[in-house]
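Worksheet for the structure shown next.
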Amino acid sequence: MNAGPPGYGPYGPPFFRPPPGPPYGPVPYGPVPYGPPPPPPVHFSRGVHRLHVSTAVISALSVLVIVFVLGGYTLLLGQTADGVEVILTPRSIARFLLIMMPVAAVAAIIGFWTWWSLKFHISGDDLVVETGIVRRRNRRVPLSRIQAVDVVRPLVTRVFGLAEVRVELAGGDQAETRFRYLGRSMAEQLRAELLARAAGLPGHTPEAPEQPYWRVFFGPLLGSQLLKLPVIGGLALLVALLAFGVVFRELGVLAAALPVLLGLARGVVAPLVMHTGFKAALSPDGLRLRYGLMETRMQTVPPGRVQAVRVVEPLLWRGFGWARLDVTVAGYVGDRQVLSSVLLPVAPRRVAFHLVGLVFPGTNAEAVRLLPAPRSWLRSPFGRSAAGTDDAVFVTQRGRLCRRLDVIPHARAQSVRMTSGPLQRLLGLGTVHVDAPPGPVQVAAENRELGEARAIVESAAGRAHRARATDQRTDRWAT
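For what it's worth, the UniProt record's numbering labels the leading residue of the sequence shown as 1, then goes sequentially.
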């Protein structure tokens, strides 16, 4: 299969192929569009570069806010006949300014120090980050270790037109480099250059074009969060508690509703805030995701870094044909793995499986025949366990109320093993684990007959060995 547009190397099957021609196709005919000229390119391999100067202002304001919240506001309080209140008199204001002005000066020094102490540039195949003023530290990050580059824009920084660049590296939970903050244009240029150089391309290769793939509107997103059995149960319990408290005038019952309300906020509001405005686009360097309300994030998920995929279909979603797509991505560890594990928050089932085929080219997980575990009902009477395989992927399915289909290519399997707990040994059952890197998707064929489980282990291990021997991957970022 073809390898992608000119200049983008052996990425495997391309997501989107632009028209031929340097760099991505001919210039379209027609009048020049109105608008401001594009910003001048930043040459990160020439000289050294600093964070945006507004970083100093944001750091100083952060210190002032912390000091004010921790006790600075008490300088404006005074005793009155009605109790303690805010009193804005010349004396209280002068006292407040007398204390806070030195604090503001210290905050300004800290902000300037934060901005001035960090410099960076690209030298050859390394990203060089220099920190400190009195004691200089020089860190060289090999570009081949880059696993992901995200552009994040918290709500406050949008006022200043800034963005944060997060560079995820191979090597564990602490392997991350952050640039807080750069101008938006500079952040996007840094991201594009890091991705290009990590893929073995010249630094000034234009950013790969993209094609819109799927957009999640707010209505389906809200409906998908409400159509979950735990959420419906929580809403019913909340209504019952409020009704009981109002009818019988029991304030204690109303107080008991607070934990339920907080749980609903975590289960409904948090996903809405995170995934509002979710857009997915296809490009030669991977799947580009943009999402977020309070904190917007631009993330590129290269297919070569996706280790395993899970298609989630809750009971109430199936009537609408909805599904969610979760992934385990190499390079994201710990909390960052959780935040970056959703490839599609909600979409039609056919779209989810089509995207699985794009992430794992040459596979058709939906067509794999799944064989149920003969006696799994003895261990999981309310669940359903099934497993199947073909020459490309190993697939498992479990759950009735919330159906989960896990997919892992044989080439991505790190190990294959069998476990059998005390109850399973009593029943003559075992579970086959096809291990992927740590993440939300862990593939396991549960409660198989011991003889069948051993046969699955041998078959999966052999397929994984053959798949790795023929897998055309390199140490570059996008493959």
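Where a beta carbon is used, it is the ideal one built from N, C-alpha and C, also for glycine.
Less than 8 angstroms separates the beta-carbon of V309 from that of V407. The beta carbon of F394 lies closer than 6 angstroms to those of I408, V434, A460 in the same chain, with the five residues before and after it left out. T157 sits in a helix when the DSSP states are folded into three classes. Excluding its 5 nearest sequence neighbours in each direction, T276 has C-beta neighbours in its own chain below 6 angstroms: L293, listed in chain order. DSSP places Q211 inside the beta strand (DSSP E), whose first and last residues are 211-215.
Beta-carbon to beta-carbon, R91 and L75 are separated by about 11 angstroms, too far to satisfy the 8 angstroms threshold. For H121, the enclosing beta strand (DSSP E) starts and ends at 118-123. The C-alpha of V457 is placed about 53 angstroms away from the C-alpha of R46.
Spatial neighbours of L315 in its own chain (CB-CB distance under 6 angstroms, excluding positions within 5 residues in sequence) are listed in chain order as L401. Membership of P422 in the alpha helix (DSSP H) is indicated by the continuous run 422-427. Straight across, the Cα-Cα distance linking G111 with P142 is about 29 angstroms.
Shortest Cα-Cα distance from V432 to any of R425, N447, F217, L426 involves N447. As DSSP reads the structure, S59 sits in no beta bridge.
When only Cα atoms are considered, R403 and R178 end up about 37 angstroms apart.
One thing to note: V268 has its Cβ within 8 angstroms of the Cβ of V231. Looking from the CA of A436, the closest CA among L182, H410, I133 belongs to H410.
Excluding sequence positions up to five before and after V441, its CB lies within less than 7 angstroms of the CB of A308, V309, R310, D326, V327, T328, D406, all in the same chain and listed in chain order. Pairing V48 with E313, the inter-Cα distance amounts to about 50 angstroms. If you draw a straight line from the Cα of G388 to the Cα of G430, it is about 16 angstroms long. Comparing alpha carbon positions, the residue from E193, Y291, P259 closest to R215 is Y291. With distances taken between CA atoms, W322 lies nearest to R350 out of P154, R463, R350.
By DSSP's assignment, T296 forms a beta bridge with R153. In this structure, the straight-line span from the alpha carbon of R305 to that of P271 is close to 24 angstroms. Less than 8 angstroms divides the Cβ of R180 from the Cβ of L51. Rounded to the nearest whole angstrom, the CA to CA distance from P39 to V359 is 33 angstroms. The straight-line gap separating the alpha-carbon atoms of D390 and P303 is approximately 20 angstroms. Rounded to whole angstroms, L344 and M101 show a C-alpha spacing of 49 angstroms.
Among the bridge pairs identified by DSSP, V346 is matched with none.
With a threshold of 16 other beta carbon atoms within 10 Å, P422 falls short and is exposed. Taken in chain order, the whole beta strand (DSSP E) runs of length 3 or more contained in the UniProt domain "YdbS-like PH" (391-456) are 393-398, 402-409, 415-419, 429-435, 443-449. Counting along the chain, L325 sits inside no alpha helix (DSSP H); it lies in the beta strand (DSSP E) bounded by residues 322-329. The way I'd put it, the segment 201-217 doesn't touch the segment 149-158; fewer than three beta-carbon pairs between them come closer than 8 angstroms. For E164, the enclosing beta strand (DSSP E) has its first and last residue at 162-169.
A Cβ-Cβ distance of about 16 angstroms is found for the pair L235 and L254, leaving them out of contact under the 8 angstroms criterion. Taking F244 as the centre and dropping the five residues before and after it, the same chain places the C-beta of E250, V253 closer than 8 angstroms to its C-beta, in chain order. Closest in C-alpha terms to R318, from the list P348, M186, T470, L201, comes P348.
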